[in-house]
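Student: Anchor point for the sequence shown: position 15 equals 332 in our numbering, and the numbering is continuous, going up by one each time. By construction, the Cβ of each residue, glycine as well, lies at the ideal position given by its N, Cα and C atoms.
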Amino acid sequence: MWAFFALLSAIFAAFTSIFAKVGIRDVNSNLATAIRTLVVVAMAWIIVFLTKNQSGIAAISKKSWFFLIASGLSTGASWLCYYRSLQLGRATEVAAVDKLSIVFTLLLAFLFLHDSFTLKSLLGCGLITIGTLLMIG
């Protein structure tokens, strides 16, 4: 089931790039990111309430709050940079470079989460890096 949602995520991310590229044509990239964020926040809270999960807020630990906030700050920084990059560059090149996040995730997961490298994951990251360089070069 995770693969289904991961595939949907990739498809929605592709639409995000296209819609954003058109939408930010005459809009400041920071303002565009703020507008996008409001839409995401509204959508997420609607889903939380529709699925009746709002009561879970009280059970969130301090550690989880810290990392959720850190994740939110990272997401915000990523989105601000992504939108500015989309405004300045071609959507295909921006999206290709953005996918290097997979390589960075592998490295960070190894350092902080003690995930292990496998031949398959290293080869995949190498191919992603080469593919990115080919797409932007």
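1. Are the CB atoms of Leu436 and Lys338 nearer to each other than 8 Å?
2. Excluding five sequence neighbours on each side, which residues of the same chain lie with their C-beta closer than 8 Å to the C-beta of Leu385?
3. Measure the alpha-carbon distance for Leu451 versus Ile328 and round it to whole angstroms.
4. Compute the beta-carbon to beta-carbon distance between Val411 and Ser334, rounded to the nearest angstrom, for a pair I have assumed lies under 8 Å.
5. If you run the structure through DSSP and keep just helix, strand and coil, what is Leu417?
6. Where does Ile447 land, buried or exposed, given buried means 16+ other C-beta within 10 angstroms?
Tutor: Let's see:
1. Against the sequence shown, residue 436 aligns to sequence position 119. Against the sequence shown, residue 338 aligns to sequence position 21. No, they are not a contact pair.
2. In the sequence shown, counting from the first residue as 1, residue 385 sits at position 68. Counting only Cβ-Cβ distances below 8 Å, and skipping sequence neighbours, we find Ile377.
3. Counted from its first residue, the sequence shown places residue 451 at position 134. Counted from its first residue, the sequence shown places residue 328 at position 11. One C-alpha to the other measures close to 22 Å.
4. Position 94 of the sequence shown holds residue 411. Position 17 of the sequence shown holds residue 334. Confirmed, Cβ separation roughly 7 Å.
5. Residue mapping note: residue 417 aligns to position 100 of the sequence shown, counting from 1. Leu417: coil per DSSP, three-state reduction.
6. Along the sequence shown, one-based indexing puts residue 447 at 130. With fewer than 16 other Cβ atoms within 10 Å, it is exposed.
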